[in-house]
Structures are given as C-alpha cells and as structure tokens.
C-alpha cells in the first residue's frame, strides 16, 4: 500500500512539473522597445503586441505606405520629372536633380532601399500633383483599402510632424498588406541596387542590418529602418521559415541594437510557436444543429502544439491556444439547409487537449484508481476477518 501511494505521489508531482514547464514555455518575450507587434503576414493574426495601439511616430516606416500606394495607384513605367521642392526635401537623399527624369519604379527603389526623402516627395507629387492632395488620398487609401483606422500621415517620407502618426499594429497591417504585392515584396527585399542618377552614379544598399546580413538571422525577406529624434529607432522586418510568414514592427527604441534584438526575439517567439494553414471554402463546422462554412479560402494561424477551434452562437470561428488565448477570429457562413450530420462536418468543439486539461484528467483518473484500490483492500480484509 505504501509503495502504491508513493508511486502515486511521484506521478502527480511529475504531471505538475510538466504543467509548470508548459507555462514557462508559453511566457511571452521580453521586449525593450516601447511598442512592438508580431503578425502572421498572410492571415494578419496578431501573435504578440506590446503597446500595439499606442500612437507612435513612424519616421521612415512611412515609406512603406507611400510605396504600396504608388504601386497601386501609379504606372511603374511612368517617367517622372523631379521638381525643385522634391530636391530640397530634408534628410536622407538619393541626390535627385531638378528636372531629372526617371521612372516611378526607380524612385520607389531609391525610397525603399536608400530611404531617399527626395524620391518620396517626387513620388507623391507625381501621383497626386502636390503633397496636400497626396495626404488626403493616401489617408483615404489606408482607411478604405488597407483598413487601418489609427493612422494619419501628412507627408510621404516620415519627417516629424505632430499630426503624422500611426500605431505598431496599424504599421504591421500596412506592411502585411504591402507584402501581398509582388513588386513591393521584391523591392522591399532588395539588398543593393545600381543607382544611375544624374548626379549620383553609385550602388545603393539597404540600411536594414538584418536584411544585409550584418545581424545574422535565417529567413529574412525584407525590411525598412526609420529614425527621427521624436520617433527614436523604428524597424519593420519580414521573415519566413517555410511554415509561416511573419512581420515584426518595433518602435521607439533608444538604440539600434535594441530594435534588432527585439526583432530577433519576436521572430524566435513566432517561429517556435505558430504555423500558417489554409481553411478552404468547402471546410464545414458544426455548432449544435447548424452547419457553417468558411465561405472562401482563408489563411489561418495555428499554434504548433495545442489549440482548439470554437464556433460561437453568433457563427464566429475562434482559434485559441492551449491556454485559451485568442489567436484569430472570423465570421463563418451558415448553411442554407441544415442537413449534414456530425460525421459530415468538423466538430466545433473537437480539439487537441491542452496540457492543463490533460494533466487534470490524468490526476483525477489516478485518484479514482487509488480510491478503488483502497476500497477493494478494505473489503478484502473484512471478508478475510469473517472467515
């Protein structure tokens, strides 16, 4: 009996230790930057957020928005004539000359790769005629097409203006939206490019140290740096590992080393815990007697280990991890005729057991076994005493 109880205690302690290890493993990353967000670039699921909805100054991360806006609204082969006002734009340049003619694509390359403020101004003037009209149209584009609502940009380059702001979450969504465009993705991921300007014949290099390889990290696909005194150090980075594509935004760090360390920490966190999958439009889910369908092919983010898919009474599909943390939620379409049985649909409550739930199950099971064992021993002794 003593040996049995000792073994039982050892088992229960082992289960408890396993639960503690899981809780430790799921601890979120420590980030130095004032704001940071990690999202799945395909599903837009937010996997980590620190002050993600706080208003921040983006500095040159603004150029991500300018680039995708110009790619969507302009003709990349258009010849752009550079104005004096564009040439006189302050900050980092690609040293354009007044009256210089170059393609819209070349200006976007100079803006994203070398962070040329003069190129950004020339792009805005070409697309909308002047900076004021650009401001109105870009903000409408971001709200209506990108679906971000906490961003307002007053210029195409990110030079400081109190009315020029975004959030880390909005910046992640803008970058994710842009990455779905092949032209943007190519330029955003370019490490170096021959630049044959009228007054500057050189090779331009990305300022992003992870993209260049100076800060090694496997799977980096693109990035953009940013800095003004008010924004401090900002960084946008994309990476993939064959299972998931991630976008990391870090904002307002005091030192460059912090934005790169934070970005690596975010990617380590994302790659070790999540994968991307597709729910086809034919995939069905059941809640009670009601059958739902995805309605369209949809990227979803799934934890690598334990998760569950839950259909709510309102017909929403929730994906949560083993601790119950919401990963993603989106609406489903109800089936017109409720004919399908459980065998024809994915059960909404069917899930992988979470570590905590499975641990509790086994503890209860073992305690029941122990109780039955003790009761049987007592009954055996009573019967033996009678005889």
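In mature numbering (1 follows the signal peptide of the UniProt record, and there is no 0), the protein residues as written are -17 to -1, 1 to 370.
Glycine included, every Cβ here is placed at the ideal spot set by N, Cα and C.
C-alpha distance - residue i paired with residue j, whole-angstrom precision
| i | j | result |
| --- | --- | --- |
| residue 343 | residue 35 | A caution first: residue 343 carries a pLDDT of 46, below 50, which makes its placement in the model unreliable, though a value can still be read off. Cα-Cα distance, rounded: 35 Å. |
| residue 56 | residue 212 | 31 Å |
| residue 191 | residue 177 | 17 Å |
| residue 17 | residue 241 | 10 Å |
| residue 300 | residue 315 | 7 Å |
| residue 270 | residue 291 | 14 Å |
| residue 262 | residue 312 | 13 Å |
| residue 169 | residue 205 | 8 Å |
| residue 383 | residue 210 | Look at the range of the chain in this structure, -17 to 370, and you will see that residue 383 is not part of it. |
| residue 306 | residue 92 | 44 Å |
| residue 217 | residue 243 | 10 Å |
| residue 37 | residue 235 | 11 Å |
| residue 296 | residue 304 | 20 Å |
| residue 280 | residue 260 | 10 Å |
| residue 273 | residue 302 | 19 Å |
| residue 229 | residue 153 | 15 Å |
| residue 231 | residue 246 | 6 Å |
| residue 250 | residue 158 | 16 Å |
| residue 44 | residue 183 | 24 Å |
| residue 298 | residue 309 | 16 Å |
| residue 173 | residue 96 | 7 Å |
| residue 162 | residue 47 | 10 Å |
| residue 258 | residue 275 | 24 Å |
| residue 42 | residue 289 | 39 Å |
| residue 90 | residue 74 | 16 Å |
| residue 33 | residue 49 | 25 Å |
| residue 171 | residue 127 | 23 Å |
Helix, strand or coil at residue i [DSSP, three-state]
| i | result |
| --- | --- |
| residue 371 | Outside the displayed range of the chain (-17 to 370) lies residue 371, so it cannot be described from this structure. |
| residue 294 | strand |
| residue 65 | coil |
| residue 239 | helix |
| residue 255 | helix |
| residue 268 | strand |
| residue 289 | coil |
| residue 13 | coil |
| residue 36 | coil |
| residue 281 | strand |
| residue 70 | helix |
| residue 130 | coil |
| residue 185 | strand |
| residue 115 | helix |
| residue 54 | helix |
| residue 143 | coil |
| residue 171 | helix |
| residue 227 | coil |
| residue 104 | helix |
| residue 336 | Annotation note: pLDDT 37 at residue 336 (below 50); position unreliable, no value reported. |
| residue 245 | helix |
| residue 85 | strand |
| residue 263 | coil |
| residue 165 | helix |
| residue 195 | helix |
| residue 78 | coil |
In DSSP terms, what residue i is bridged to
| i | result |
| --- | --- |
| residue 311 | 302 |
| residue 317 | 275 |
| residue 203 | 222 |
| residue 234 | 18 |
| residue 148 | 135 |
| residue 210 | 216 |
| residue 29 | 22 |
| residue 179 | 184 |
Any non-hydrogen atom of the ligand PLP closer than 7 Å to residue i Cβ
| i | result |
| --- | --- |
| residue 213 | Absent from the structure shown: the ligand PLP. Ligands present: none. |
Own chain, CB closer than 6 Å to residue i, minus 5 neighbours either side, in chain order
| i | result |
| --- | --- |
| residue 144 | 137 |
| residue 107 | 114, 117 and 139 |
| residue 277 | 262, 264 and 266 |
| residue 124 | 52 |
| residue 109 | 63 |
| residue 371 | Outside the displayed span of the chain (-17 to 370) sits residue 371, for which this structure offers no information. |
| residue 133 | 150 and 153 |
Beta-carbon proximity list for residue i, same chain, < 8 Å, skipping 5 on both sides
| i | result |
| --- | --- |
| residue 252 | 11, 12, 21, 30 and 31 |
| residue 58 | 87 |
| residue 146 | 135 and 137 |
Cut-off 7 Å between Cβ atoms - residues of its own chain near residue i, not counting five sequence neighbours on either side
| i | result |
| --- | --- |
| residue 65 | 79, 80, 81, 82, 83 and 105 |
| residue 185 | 178 |
| residue 181 | 80 and 83 |
| residue 256 | 286 and 287 |
| residue 76 | 99, 100 and 101 |
Pair every Cβ in the stretch 274 to 291 with every Cβ in the stretch 17 to 27, then say whether three or more of these pairs are closer than 8 Å.
-> yes
Indicate whether the contact test is met: 3 or more Cβ pairs, each with one atom in the stretch 87 to 107 and one in the stretch 123 to 141, closer than 8 Å.
-> Taking 8 Å as the limit for Cβ pairs, the verdict is that the stretch 123 to 141 does touch the stretch 87 to 107.
Meets three-Cβ-pair contact criterion under 8 Å: the stretch 196 to 205 and the stretch 219 to 230 | They touch, by the three-pair rule.
Give a yes or no on contact between the stretch 59 to 73 and the stretch 262 to 279, applying the rule of three or more CB pairs nearer than 8 Å.
-> The stretch 59 to 73 is not in contact with the stretch 262 to 279.
Would you call the stretch 72 to 86 and the stretch 116 to 129 touching, i.e. three or more CB-CB distances under 8 Å?
-> no
If you pair each beta-carbon of the stretch 182 to 191 with each one of the stretch 155 to 167, do three or more pairs fall below 8 Å?
-> no
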